[in-house]
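Chains S and E, in that order, give the protein sequences. Per the working numbering, the first sequence starts with residue 11, numbered consecutively. Per the working numbering, the second sequence starts with residue 234, numbered consecutively.
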Amino acid sequence: MSNKYSLRLRKFILAARAILIAQYSLMIEYRAEIVLWALSGLLPLIMLALWQESQSSISSIFSRDNLSRYFISAFIVRQFTAVWVMVTFEEDTIEGRMAPYLLQPIAPFWRYYLSHIAEQISRIPIVILMLIILILFSPNLFWMPGLKDVVMGLIAIYLAFSVRFMLHWNFSMLCFWTERSSSVERLLMIPYLFLSGLLAPIDSFPAFIKSFALFTPFPYILYYPSKIIAGLEVNTLSVLMTLLFWLTLFTCTGRLLWHFGLKRYSAMGS
Amino acid sequence: MISIDVKGLSKNYQIAEKEPGLRGSLKYLFLRTSREVKAVQGINFSINEGEMVGFIGPNGAGKTTTLKMLCGLIHPSSGLISVAGYKPQRRSPKFLRKITLVMGQKQQLIWDLPPIESLLVNAAIYGISESETKRRIKNLGEMLELDDELYRPVRKLSLGQRMKAELLASLLHLPSVLFLDEPTLGLDVNSQIRVRDFLLEYNRKYGATIFLTSHYMADITSLCERVLVLHKGNLFHDGSMASLTEKLTPYRSVKIEFSNLYPLSEFRKYGSIHESNDHYVHLLIPRERVIPNISEILEKYSVTDLEIKDPPIENLISRLFLKDSKK
């Protein structure tokens with residue numbers, strides 16, 4: 011019995027590896043586009059420049075050094091938690107590309123998930139280059155994060171990406187009911203911008219907004235992983251456990267929505 | 234042994250209706266109405282293993298809907314389907330390994346990469362070993378006359394080369410049931426012939442069941458002995474190709490060009506005149522009169538060009554249904 015499962019797992023790993031390689035090759039074809047996508051993730055660095063120049067309440071919570079570390083970490087986290095599954099899922103469903111995916115013995119979910127991973131891998135050198143340029147222009151921004159912070163930060167980034175991916179995956183399923191779901195992505199951008207800590211650290215928010223934000227997944231997608239990498243005070247274990255909670259929740263709802271959505275699927279466009 | 238078994242299969246859709254113009258748009262914004270479309274209405278048929286069956290009908294007859302239900306893409310409203318012993322709508326991995334769906338107007342190949350990359354992904358998904366993948370690509374590639382094309386980006390291939398690569402990708406796991414939806418759509422005549430020859434060879438070599446829809450009569454006549462005709466969601470005909478051809482094409486379309494001018498009235502005795510101008514006449518001649526009438530025309534007139542063919546299948550089917558509704 012265990013042999014059967016290990017064989018199945020081995021086959022799945024080989025299939026995932028092949029999809030990942032093909033998707034990586036595809037991303038390399040679009041290298042100019044990846045540079046532009048990476049540049050579009052500069053918002054945390056812009057916010058860093060803005061907050062450093064302003065005399066706001068943030069300065070009482072974050073020192074100048076900690077603020078720059080936070081926003082540089084937020085820049086890194088944002089680069090590796092970019093998700094666009096709602097757009098591609100909608101395109102594939104409406105234009106009929108979903109049909110061949112559904113007829114292969116691997117869940118279409120993995121194609122989308124692995125294409126995001128492939129894009130992240132292809133983004134690594136560009137992000138490193140951008141960080142080098144940033145440090146060359148402002149050497150005082152450089153700091154050497156501790157090994158523990160890096161390892162925990164990487165785990166947090168991966169979990170944060172997975173949570174954000176699953177959140178968007180859940181909303182992608184709306185396609186089965188409304189045929190258009192990508193407009194929800196624009197709607198999701200609003201809480202993401204304000205509650206994830208992208209524009210300002212959550213700790214600088216009024217208490218009631220902060221309490222509200224902590225009931226949503228958004229601070230865990232960006233704010234806390236950034237704090238972990240920046241080496242700021244944070245309960246790492248609690249952050250990772252909360253991320254796991256959101257991941258489990260969204261995975262369960264995603265599976266349910268997929269199950270019911272497929273029954274409504276009309277294979278349009280194919 | 235039965236490969237595809239369909240009993241009382243139906244599919245109904247709800248379609249939103251919108252009146253044209255601004256008023257219609259405003260009404261549609263606040264109050265939406267929909268109507269039920271009965272795409273497929275209780276059809277029954279069964280297909281044996283290794284059989285090649287043509288599935289034809291006018292546009293909107295329900296062919297593609299049926300095909301989508303047979304391969305498990307959509308759930309039927311009612312009825313039972315069994316394909317290779319499985320319920321398609323469950324989409325079990327074992328079932329998915331036994332079937333394939335090839336759509337002439339859609340492709341699964343990754344547009345910006347060479348087909349070989351998609352083939353390797355498919356091989357891994359179906360758990361085919363590296364050596365076996367190489368062997369299958371070689372064998373199927375030879376059957377399809379594909380070689381260097383597998384290493385050029387899909388976007389740089391011609392439509393015919395793309396379709397052949399698409400077939401290779403869809404058949405790499407050697408499925409025993411093939412659903413083909415317009416596989417020769419848009420291909421030139423040579424490519425159409427190659428695809429047909431390939432399908433015949435695949436059927437012979439692997440004993441696969443082939444269920445094919447096409448608007449090209451030649452696809453159906455050269456591949457299928459049996460044909461199912463669907464009209465308005467109902468199965469209109471299930472029988473041999475010969476009986477359907479006789480039923481559908483009592484006439485053949487004959488286009489003739491002349492070097493001289495002749496009175497049009499002279500041609501009425503050969504068949505009904507469909508179209509004409511100074512040096513050209515398009516006749517519809519009863520099937521049994523084609524050879525004697527053409528021989529006489531060639532003898533009596535100076536013919537510069539001649540084309541004899543069956544009218545497009547869409548026209549034939551429409552004529553048949555028109556005749557049927559007049560009865």
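Every residue gets a Cβ at the ideal spot worked out from N, C-alpha and C, and that includes glycine. As the structure is a prediction and not an experimental result, all values here were calculated from the model.
Legend entry - Inter-residue Cα distance where the pair is Phe-204 (chain S) and Gly-257 (chain E): 39 Å
Legend entry - Any C-beta of chain S under 8 Å from that of Gln-274 (chain E): no
Legend entry - Ordered list of beta strand (DSSP E) runs contained in the segment 407–478 of chain E, each at least 3 residues: 410–414, 442–446, 459–464 and 467–473
Legend entry - Cβ-based burial, Gly-241 (chain E) [other Cβ within 10 Å; buried from 16]: exposed
Inset, instruction - Name, going along the chain, the residues of the segment 347–373 of chain E whose beta-carbon falls closer than 8 Å to a beta-carbon of chain S. - result: Glu-350, Ser-351, Leu-353, Val-354, Asn-355, Ala-356, Ala-357, Ile-358, Tyr-359 and Gly-360
Inset, instruction - State buried or exposed for Gln-130 (chain S), treating a residue as buried only when at least 16 other CB atoms are found within 10 Å of its CB. - result: buried
Inset, instruction - With DSSP collapsed to three states, give me the class of Pro-253 (chain E). - result: coil
Legend entry - contact_flag[the segment 457–473 of chain E, the segment 289–307 of chain E] where n(CB pairs < 8 Å) is 3 or more: yes
Legend entry - C-beta contact flag for Ile-29 (chain S) and Arg-121 (chain S) at 8 Å: yes
Inset, instruction - Specify the secondary structure class of His-507 (chain E) as computed by DSSP and reduced to three states. - result: strand
Legend entry - Within chain S, partners of Ile-248 (chain E) - CB distance below 9 Å: Result: empty, since nearest Cβ-Cβ is about 10 Å, beyond 9 Å.
Inset, instruction - Go ahead and pull the three-state DSSP assignment for Glu-195 (chain S). - result: helix
Inset, instruction - In the DSSP assignment, find the unbroken beta strand (DSSP E) run with Arg-388 (chain E) in it and report its ends. - result: Premise fails: Arg-388 (chain E) is in no beta strand (DSSP E) and is neither H nor E.
Legend entry - Beta-carbon spacing of Tyr-80 (chain S), Lys-220 (chain S) below 8 Å: no
Legend entry - Cβ neighbour criterion (16 or more within 10 Å) applied to Ser-267 (chain E): exposed
Legend entry - Reduced DSSP category for Thr-482 (chain E) - H, G, I as helix; E, B as strand; rest coil: coil
Inset, instruction - To the nearest angstrom, report how far apart Tyr-15 (chain S) and Tyr-359 (chain E) are at their CA atoms. - result: 16 Å
Inset, instruction - Could you tell me which of E:Leu-303, E:Ser-351 and E:Pro-309 sits nearest to Asp-331 (chain E), measuring between CA atoms? - result: For clarity, residue 331 (chain E) is Lys in the given sequence; the question names Asp instead. Lys-331 (chain E) has its Cα closest to that of E:Leu-303, out of E:Leu-303, E:Ser-351 and E:Pro-309.
Legend entry - Terminal residues of the beta strand (DSSP E) in which Lys-542 (chain E) lies: 536–542
Inset, instruction - Could you confirm whether any beta carbon from chain E is found closer than 8 Å to the beta carbon of Pro-118 (chain S)? - result: no
Legend entry - Contact list for Pro-326 (chain E) against chain S, beta-carbon separation under 7 Å: Pro-115
Inset, instruction - Output yes if chain E places a C-beta closer than 8 Å to the C-beta of Glu-39 (chain S); else output no. - result: yes
Inset, instruction - Consider the Cβ of Ile-530 (chain E): report whether some Cβ of chain S lies at a distance smaller than 8 Å. - result: no
Legend entry - Sub-8 Å separation of Val-410 (chain E) and Thr-417 (chain E) beta-carbons: no
Legend entry - Start-end ranges of the alpha helix (DSSP H) lying completely within the segment 67–155 of chain S, minimum 4 residues: 68–71, 74–89, 95–104, 108–112 and 118–147
Legend entry - CB contact check: Leu-461 (chain E) to chain S, cutoff 8 Å: no
Inset, instruction - Please name the residue in E:Ser-505, E:Leu-481 and E:Pro-496 whose C-alpha comes closest to that of Lys-488 (chain E). - result: E:Ser-505
Legend entry - Residue-level contact to chain E via CB, Ile-29 (chain S), 8 Å cutoff: yes
Inset, instruction - Determine whether the Cβ of Ser-132 (chain S) lies closer than 8 Å to any Cβ atom of chain E. - result: no
Inset, instruction - Please list the residues of the segment 390–422 of chain E that have a C-beta atom closer than 7 Å to any C-beta atom in chain S, keeping them in chain order. - result: none
Inset, instruction - Decide if Cys-185 (chain S) is buried, meaning its Cβ has at least 16 other Cβ atoms within 10 Å, or exposed. - result: buried
Legend entry - Top-ranked residue by Cα proximity to Tyr-168 (chain S), from S:Gln-89, S:Trp-268 and S:Leu-60: S:Gln-89
Inset, instruction - Could you tell me whether the Cβ atoms of Leu-257 (chain S) and Ser-125 (chain S) are closer together than 8 Å? - result: no
Legend entry - 4 or more residues per run - each alpha helix (DSSP H) lying fully within the segment 25–62 of chain S: 41–49
Inset, instruction - Whole angstroms is fine: what's the gap from Val-87 (chain S)'s alpha carbon to Pro-235 (chain S)'s? - result: 7 Å
Inset, instruction - Name the residue from S:Ala-170, S:Tyr-275 and S:Ala-92 whose alpha carbon lies nearest to the alpha carbon of Trp-47 (chain S). - result: S:Ala-92
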